[in-house]
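Protein chains in written order, with the working numbering: chain Y, 2 to 314; chain R, 2 to 314. Accompanying notes for the structure given below.
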């Protein structure tokens with residue numbers, strides 16, 4: 002990563018930003034230098050994490066929220082985490098369609114993070130990409146997740162404000178997910194609020210929220226939106242701002258940032274340790290051989306792991 | 002893990018099986034001994050992975066499929082992966098309700114895997130739990146995922162037969178997920194097949210499948226079900242059996258098992274390497290200190306990781 006490219010990133014050049022994100026996505030050596038170089042320029046953007054069940058209309062909501070910010074003269078970056086899509090082709094096409102809607106200019110940047118190699122590191126790469134957009138001077142960085150899994154929950158938790166999107170009248174599985182992501186929501190959205198069952202979903206949500214005990218005593222607001230009709234977006238922006246204001250007052254903010262830092266550090270360690278061992282001469286061959294032995298039931302995975310650790314460490 | 006407990010697991014004692022799964026879930030030392038001891042008894046069960054969008058009715062489908070097998074004199078184990086729920090309380094309650102539906106006897110076992118510590122290892126623990134049920138003599142082991150993320154996709158891929166559940170007429174996000182999990186489905190289910198839009202979903206699915214090129218040239222069947230009315234379950238069971246029969250003929254089976262073994266080995270390594278470093282004296286304190294320094298912006302996560310690796314390795 003040349004100093005010139007880093008300068009261009011800091012000046013907000015879209016192509017350089019895209020290259021920088023590819024660098025952290027691939028986890029190549031230049032990424033360490035890059036992340037260290039931009040570090041001092043981060044911390045200004047408001048990072049908004051948005052998650053929720055598939056079909057809840059997150060993409061429309063994110064697009065409308067981004068447009069809202071853009072119309073208020075702010076620069077907005079969007080990172081879309083789609084771990085279920087192993088190929089980036091579809092994601093890139095999707096980005097282009099969304100770029101066309103959002104307006105192709107320097108004030109909006111959108112990027113999907115789809116690939117995850119056998120080293121893991123999607124969470125790490127996503128949070129690094131957020132830092133890049135932050136350093137590049139975007140006022141708001143929105144992280145949107147398509148999947149609903151542990152990694153995605155962690156990514157959204159790492160934002161300054163976490164928004165959970167629900168939709169009226171879905172099945173039992175949604176209730177299960179609701180319970181799981183309950184504690185991460187700083188703001189809740191009931192999207193598609195023109196649908197039947199809004200009141201019921203709201204009541205259920207209020208009941209669940211009244212049972213939750215947040216360490217910071219924040220009472221998460223519930224916002225109703227119809228993203229496709231651009232309704233409720235202003236309310237959502239206000240709700241997000243109210244949590245940001247609340248958070249910047251208290252001690253809770255440092256505690257939260259420390260927890261996020263600990264998670265980022267652990268994720269990075271996990272990836273580094275595996276990378277170290279896999280990059281050694283012969284490890285890949287040994288892995289292949291042991292995998293075959295396990296497949297043929299000549300050994301078990303635990304014995305194989307011990308053998309690998311013994312010979313390679 | 003005492004030899005006595007291992008014997009009880011192999012004899013199918015439910016309480017011992019539950020204890021054994023807790024052992025692998027916590028990743029405590031006894032789990033290695035346990036997994037090595039049961040290894041030679043595994044490989045008999047048919048492992049069925051079931052995934053799909055939230056709200057698709059996976060739980061009902063799994064329950065009805067399990068009852069179908071039970072009514073045919075088979076013993077069925079169910080592992081429900083719910084990584085979005087950090088607390089097991091709700092999951093345990095859910096298991097009890099489902100146990101009541103399925104019948105409380107030795108022939109059905111159900112267990113939710115919900116927790117994931119900072120070491121990761123949910124995928125590893127889930128696949129270990131499957132091996133335990135296999136060794137305990139269950140004829141069918143069904144792995145059901147609630148979340149839809151990369152980890153969950155990997156877990157379902159590790160089954161002998163992967164079933165992807167869709168539902169008619171959902172939004173664009175579902176289409177995105179569809180594309181992502183397309184390649185993992187050996188059998189596709191359109192559940193809630195009494196709903197509007199079945200034909201459209203089926204046509205879309207067929208179009209997507211015709212574009213996919215499976216290395217084993219298998220043509221995944223599409224089964225329509227209404228799980229709540231117990232309709233289509235026999236067809237689903239036949240479709241699963243047909244893939245099992247197809248798979249056991251070809252070379253593809255060994256290749257698939259080797260790929261699964263390689264993934265399991267890498268996951269185990271990832272967890273072991275992190276555990277090794279975290280278990281060293283002082284690492285946890287160093288992590289806390291560095292996390293605070295990052296939160297206070299006195300250092301960045303990459304520099305911190307390098308410091309940790311330098312002092313602890």
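Every residue gets a Cβ at the ideal spot worked out from N, C-alpha and C, and that includes glycine. The structure displayed is predicted, hence computed values, not measured ones.
Beta bridge pairing from DSSP links residue 145 of chain Y with Y:51 and Y:81. Rounded to the nearest whole angstrom, the CA to CA distance from residue 184 of chain Y to residue 9 of chain R is 39 Å. In the three-state reduction of the DSSP assignment, residue 189 of chain Y falls in the strand class, which pools E and B. Judged by beta-carbon spacing, residue 19 of chain R lies within the 9 Å limit of residue 112 of chain R, meaning their Cβ atoms are closer than that value. Boundaries for residue 112 of chain Y: no alpha helix (DSSP H) harbours it, while the beta strand (DSSP E) harbouring it runs 109 to 114, taken from the DSSP string. When DSSP assignments are scanned along the stretch 202 to 252 of chain R, the uninterrupted stretches of beta strand (DSSP E) that are 3 or more residues long and fall wholly within it turn out to be 223 to 225. Using a Cβ-Cβ cut-off of 9 Å, residue 273 of chain R counts as an interface residue toward chain Y, since at least one Cβ of chain Y sits closer than that to its own. At least 9 Å separates the beta-carbon of residue 257 of chain R from that of residue 289 of chain R.
Listed along chain Y is no residue with a C-beta nearer than 9 Å to that of residue 202 of chain R; the closest approach is about 13 Å.
Burial is judged here by how many other beta carbons sit within 10 angstroms of a residue's own beta carbon; residue 271 of chain R has at least 16 and is buried.
Taking 9 Å as the cut-off between beta carbons, the residues of the stretch 284 to 303 of chain R near chain Y are 288, 289, 291, 292, 293, 294, 295, 296, 297, 298, 300, 301, 302 and 303, in sequence order. Here the stretch 191 to 208 of chain R lies against the stretch 52 to 63 of chain R, with 3 or more beta-carbon pairs under 8 Å apart. Residue pairing by DSSP puts residue 166 of chain Y in a beta bridge opposite Y:53 and Y:190. A residue is called buried once 16 or more other Cβ atoms fall within 10 Å of its Cβ, and residue 200 of chain R, having fewer, is exposed.
For residue 197 of chain R, the CB contacts under 7 Å within the same chain, skipping 5 residues up- and downstream, are 169 and 170 in chain order.
Around residue 45 of chain Y, no beta-carbon contact reaches into chain R at under 8 Å, the shortest distance being about 11 Å. Contact between residue 145 of chain Y and residue 51 of chain Y holds, since their C-beta atoms are separated by about 5 Å, short of 8 Å. Burial check for residue 30 of chain R: the Cβ neighbour count within 10 Å stays below 16, so the residue is exposed. Using a Cβ-Cβ cut-off of 7 Å, residue 71 of chain Y is close to nothing in chain R; its nearest Cβ partner there is about 22 Å away. By the neighbour-count criterion, in which a residue is buried when 16 or more other Cβ atoms sit within 10 angstroms of its Cβ, residue 212 of chain Y is exposed.
In the three-state DSSP reduction, residue 71 of chain Y falls in the helix class (H, G or I). Residue 284 of chain Y and residue 156 of chain R have their C-alpha atoms roughly 24 Å apart. At a cut-off of 9 Å between beta-carbon atoms, residue 258 of chain Y makes contact with chain R.
If you ignore the 5 residues before and after residue 268 of chain R, its C-beta comes within less than 7 Å of the C-beta of 124 and 125, all in its own chain and listed in chain order. Judged by DSSP in its simplified three-state form, residue 3 of chain Y adopts coil rather than helix or strand. In this chain, the alpha helix (DSSP H) harbouring residue 125 of chain R covers 123 to 136. If you draw a straight line from the Cα of residue 36 of chain Y to the Cα of residue 303 of chain R, it is about 7 Å long. At a C-beta separation below 8 Å, residue 36 of chain R has these neighbours in chain Y: 301, 302 and 303.
Note on geometry: alpha-carbon atoms of residue 209 of chain Y and residue 297 of chain Y lie some 49 Å from one another. Sequence-distant Cβ neighbours of residue 202 of chain Y in its own chain, meaning closer than 8 Å and more than five residues away, are 167, 168, 169, 170 and 191. With 16 or more other Cβ atoms from the protein chains shown falling within 10 Å of its own Cβ, residue 226 of chain Y counts as buried. In the structure shown, residue 43 of chain R falls within a coil segment according to DSSP collapsed to helix, strand and coil. Here DSSP, grouped into helix, strand and coil, assigns residue 65 of chain R to helix.
Nearest Cα to residue 231 of chain Y within the set Y:28, Y:69, Y:223 and Y:249: Y:69.
Residue 38 of chain R is not a Cβ neighbour of residue 67 of chain R, given a cutoff of 9 Å. Of all residues in the stretch 239 to 269 of chain R, the ones placed with a Cβ closer than 7 Å to any Cβ belonging to chain Y are 255, 258, 259, 262, 263, 265, 266, 267 and 269, in chain order.
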